[in-house]
Each structure stands twice: as structure tokens, then as C-alpha cells.
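Notes follow once the structure below has been shown.
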Amino acid sequence: MSTETRTATATAPMTSGDFSLTPPDPVPEVTPAQAAGLVPVTDEQKSKLDTKVDAFVSDLVSADANSPEFGEKVDQITRMGQEQIRAAAAMSNRFLDRPVRAMDGDGTVGKDLAELRRTVEDLDPGRKGKLSGPRKILGIIPFGNKLKNYFDSYTSAQGHIASILQRLESGKKELHLDNAAIDTERQKLWAAMGELEQMIHIAKTLDARLEAKALELDSSDPAKAKALRESALFYVRQRTQDLLTQMAVSVQGYLALDLVKKNNVELVKGVDRASTTTVGALRTAVTVAQAMTNQRLVLGQITALNQTTSDIIDSTSTLLREQTAQIHEQAASSTIPLETLQRAFQNIYDTMDEV
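Below is the structure:
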């Protein structure tokens, strides 16, 4: 590839087909079946939980199916994990309220960035055409000075740009505070999800133990086996589904928090770029436009001066040529005409004859 080709490729303007913008991926849907096991439970914790389950099953089986003790144990199953579900749900709701409040208009970072973009585009000297010529009413009648008017508008916009940048800086601080709060909420939500995961392990282990015990009692005590299936095992599976559903909601909330944090980080980057690169590029463009306009004015003066100098030299050479020709013509001609000399000599001869 030649140098010209590489240069043309590097400097070719981008078109709409050269790039595309894609929105961030949404938070994936988490089903109850996928939620189980996402938060790790150590083997030591599982061992302790299994011991508690075995003790509970032993007490339940030892009680008469019609006794108050059996009913109390079943009631404990119906309340299993309620506290953990309530705590996890409260944290998820509080956390997911954040993007809703942002959409209500409390966060103005996006609006300020859009306003700054419009202001910068209005001040882009590249969109103003030639700034060295006069303004024209209706494009015909000269009126005012385009360069002066442009810099007047740029100067008047400085206060507006500074105000936008100040609001963006304030918004950036709010985003940093939000991310700090998000980190705290995620830690709390992770702990709540850990407790939910333990309750899910208890529920599944309890399901397996009760199913095994009911099969064992089918031959020796069918009534007790039926009571275990219809009362205890039914509520265990119901609570297991409730725990898995809440875990799915909590996991999705946890992922949503992570997405909100990433979006905040990107907004902070955008604010930094706007405060430095964008405004700096505008100032550079204005400086270059002013310098090039001054260069254009000086170049015009130099061109006019060179033309004047050329005209002077040309007129001087013409005058010199004409004067020189006249001088040479004068030098080539006789000082006294020949006829005059002849008359003078004739007069002398006539005088001598008379004498």
C-alpha cells in the first residue's frame, strides 16, 4: 500500500455505515431454578445445617401426627425463611428505587451533557463558514463583521459553558456517592442472599429427609407417612419455591445494581471528557479559527502590497525605456542643422564677393 493510499485511508471521513451504537445489555432474567447455588455455602455451614435438619425431622417423626407438638412443628415449616425473605425483599426494593428516582428527573447529568453539546455545536467555527468577510443581510447587503460577531457570541457563551461544567462536576460527585452507596447495598444484599441460600439448602435437605422417612414409614405406619406427605412435605416444597423465587428476585436486583454502577462509571467518564477534551477542542478550534482569519487578513495585505510594488516597478521600467529612447534619438541627431550651416557659408561668400 502506497503512502498516499494509507493517508487517504487514515483521513477518510467516517460515515454512518462505519460505526454503530448499541445499548447496554439488559439485566438477564433469572429463574428460580437458576437462582439456587449462585451464592456459595461452605461445607462446614452445610454440615451444621444438615445436623439441624436431622434433629428437626427426628422430633417431627417422634411426635404423634394428631398431637399439638406435630402441629407446632408443621407451623415452623410454614414460617421457614420468612425473616430472610422479608429482609432480602426490603433491600432489593430500596436498591432498585435508585434508577427510578434518576428517571424521575433528579439526575440532570444527561441533560447537562446534551446542553453542552448543543452549545459547543453552536460555537463550532467550522459551521460558520468564512469569518473574515462581512455579514450580509439576506445574503446580499453587507452588514457588520462576521469575525467580531462570532467572538462576541463565544465570549458571551463562556459563562453558560462554565455554569454547565459546574453542574456536571456536581453531578459527577453525586454519581460517585451513588456508587459508594451501591457498593454498600450490594454487600448487604450479598449477605442477605447468603442467608437465603442457607434456607434453600435447609428446605431441600428437609424435603429429601422427609421423603425418605415417609417411604420408610409406608409399611410400618401409613398414617404417619401420609401426615408427613400431606402436611410437612407439602409446606416444605411450598416454602422452597418461595425461597427460590425471592432468591431469583434478589439475584436480578444484585445484577441490576452492578449495571447501574457501570452506567454511573461511564457517565463519570463522559463528564470528564466533556470538561476536558470537548471544551479544550472548542478552545483549540476557536484559537485556530482566529489565527487563520488573521493569517488570511495579513495574506490579503501582503498580496495587495506585492501588487502595488509590481505596478511601481513596471511603471518605472516603462518610463525609463521611453526616456532612454528619447536620449539616444537626441544624441544621434546633429546639434546644428546642415541647412543652417550652408546658409551661413553662403552668406560669408556673398560678403567676400561684395568686397
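Numbering of the sequence shown is given in this note's numbering, commencing with residue 5 and proceeding in unit increments. A virtual CB, placed ideally from N, CA and C, is assigned to each residue, including glycine.
If residue 275 and residue 172 are in contact, beta carbons under 8 Å, what's the gap, nearest whole angstrom? Residue 275 sits at position 271 when you count from the first residue of the sequence shown. Residue 172 sits at position 168 when you count from the first residue of the sequence shown. Sure, about 5 Å apart at Cβ, within 8 Å.
Which of helix, strand or coil DSSP assigns to residue 69: Locating residue 69 in the sequence shown gives position 65, counting from the first residue. Coil.
Take the Cβ of residue 116 as the centre, count every other Cβ of all protein chains shown within 10 Å, and call the residue buried at 16 or more, exposed below. Residue 116 sits at position 112 when you count from the first residue of the sequence shown. Counting Cβ neighbours within 10 Å, residue 116 comes out buried, since at least 16 surround it.
Cβ shell of residue 186 (< 6 Å), same chain only, five flanking positions each side left out: What you label residue 186 is simply residue 182 of the sequence shown in a count that begins at 1. For residue 186, where only same-chain residues beyond five positions count, the Cβ hits under 6 Å are 261 and 265.
Roughly how many angstroms lie between the CA atoms of residue 258 and residue 120, to the nearest whole one? Taking the sequence shown and counting its residues from 1, the one referred to as residue 258 is at position 254. Taking the sequence shown and counting its residues from 1, the one referred to as residue 120 is at position 116. Going by the C-alpha atoms only, they are around 33 Å apart.
On the CB-based measure, 16 or more other CB atoms within 10 Å of its CB, does residue 189 come out buried or exposed? Here residue 189 is taken as the residue at index 185 of the sequence shown, counted from 1. Residue 189 counts as buried, since at least 16 other C-beta atoms from the protein chains shown sit within 10 angstroms of its C-beta.
How would you write the range of the alpha helix (DSSP H) that residue 270 sits in, first residue to last? Here residue 270 is taken as the residue at index 266 of the sequence shown, counted from 1. That run of the alpha helix (DSSP H) goes 238-277.
So what does DSSP say about residue 83, is it helix, strand or coil? In the sequence shown, counting from the first residue as 1, residue 83 sits at position 79. In this structure, residue 83 counts as coil in the three-state DSSP scheme.
Residue 44, DSSP secondary structure in three states: As a first step, residue 44 is located in the sequence shown; it is residue number 40 there, counting from the start. Residue state, collapsed to three classes: coil.
Endpoints, the alpha helix (DSSP H) within which residue 232 is located: As a first step, residue 232 is located in the sequence shown; it is residue number 228 there, counting from the start. Segment: none, residue 232 is in no alpha helix (DSSP H) and carries neither H nor E.
Close Cβ partners of residue 45 (< 7 Å) along its chain, the five nearest in sequence each way excluded: For the purposes of this step, residue 45 is taken as residue 41 along the sequence shown, with counting starting at 1. Answer for residue 45: 201, 202 and 205, listed in chain order.
Whole-angstrom distance between residue 77 and residue 64, CA atom to CA atom: Translated into positions along the sequence shown, residue 64 becomes position 60. Translated into positions along the sequence shown, residue 77 becomes position 73. Roughly 6 Å between the two C-alpha positions.
By a C-beta neighbour count over all protein chains shown, 10 Å radius and 16 as the cutoff for buried, is residue 353 buried or exposed? Counting from 1 along the sequence shown, the entry for residue 353 is found at position 349. The residue is exposed, with fewer than 16 neighbouring Cβ atoms inside 10 Å.
Three-state secondary structure (DSSP) of residue 225: Your numbering for residue 225 matches position 221 in the sequence shown. Looking at residue 225 - three-state DSSP - the assignment turns out to be coil, as it is neither helix nor strand.
Bounding residues of the alpha helix (DSSP H) (the contiguous stretch that carries residue 282): Looking up residue 282 in the sequence shown gives position 278. Where residue 282 is concerned, there is no enclosing alpha helix (DSSP H), given that its DSSP letter is neither H nor E.
Three-pair Cβ contact test at 8 Å for the stretch 241-257 versus the stretch 84-98: These segments touch.
Rounding to the nearest angstrom, what Cα-Cα distance links residue 48 and residue 56 in this structure? Translated into positions along the sequence shown, residue 48 becomes position 44. Translated into positions along the sequence shown, residue 56 becomes position 52. Roughly 13 Å separates the two Cα atoms.
CB of residue 214 within 8 Å of CB of residue 113, strictly: Taking the first residue of the sequence shown as position 1, residue 214 is located at position 210. Taking the first residue of the sequence shown as position 1, residue 113 is located at position 109. Cβ atoms of residue 214 and residue 113: not closer than 8 Å.
Using 8 Å as the threshold, is the C-beta distance between residue 94 and residue 250 below it? On the sequence shown, residue 94 is found 90 positions in, with the first residue counted as 1. On the sequence shown, residue 250 is found 246 positions in, with the first residue counted as 1. Contact flag unset, no.
Between the alpha carbons of residue 342 and residue 348, how many angstroms are there, rounded? Position 338 of the sequence shown, counted from the start, is the residue given in the question as residue 342. Position 344 of the sequence shown, counted from the start, is the residue given in the question as residue 348. So the two alpha carbons sit approximately 10 Å from each other.
8 Å Cβ cutoff met for residue 169 and residue 279: Here the question's residue 169 lines up with position 165 in the sequence shown. Here the question's residue 279 lines up with position 275 in the sequence shown. In this structure, residue 279 lies closer than 8 Å to residue 169 by Cβ.
Under the assumption that residue 183 contacts residue 268 (Cβ atoms under 8 Å), give the Cβ distance between them as a whole number of angstroms. The residue labelled residue 183 in the question sits at position 179 within the sequence shown. The residue labelled residue 268 in the question sits at position 264 within the sequence shown. Yes, residue 183 and residue 268 are in contact; Cβ-Cβ is about 5 Å, under 8 Å.
Distance CB(residue 218)-CB(residue 233) smaller than 8 Å: In the sequence shown, residue 218 corresponds to position 214, counting from 1. In the sequence shown, residue 233 corresponds to position 229, counting from 1. Result yes, Cβ atoms of residue 218 and residue 233 sit closer than 8 Å.
Burial state of residue 81 (16 or more Cβ within 10 Å): On the sequence shown, residue 81 is found 77 positions in, with the first residue counted as 1. With 16 or more other Cβ atoms within 10 Å, it is buried.
6 Å Cβ shell around residue 43 - same chain, five flanking residues per side excluded: Position 39 of the sequence shown, counted from the start, is the residue given in the question as residue 43. Listed in chain order, the non-local C-beta contacts of residue 43 below 6 Å within the same chain comprise 197, 198 and 201, local neighbours out to five positions each way being set aside.
Would you call residue 89 buried or exposed, if buried means 16 or more other Cβ atoms sit within 10 Å of its Cβ? Looking up residue 89 in the sequence shown gives position 85. It is buried - the Cβ of residue 89 has at least 16 other Cβ atoms within 10 Å.
Cα-Cα separation, residue 118 to residue 209: The count along the sequence shown starts at 1 and reaches residue 118 at position 114. The count along the sequence shown starts at 1 and reaches residue 209 at position 205. Residue 118 and residue 209 have their alpha carbons spaced roughly 56 Å apart.
To the nearest angstrom, how far is the alpha carbon of residue 20 from that of residue 192? By one-based count along the sequence shown, residue 20 stands at place 16. By one-based count along the sequence shown, residue 192 stands at place 188. Reliability fails at residue 20, whose pLDDT of 39 lies under 50, so the model's placement of it is uncertain and the value that follows must be treated cautiously. If you take the alpha carbons of residue 20 and residue 192, they lie about 45 Å apart.
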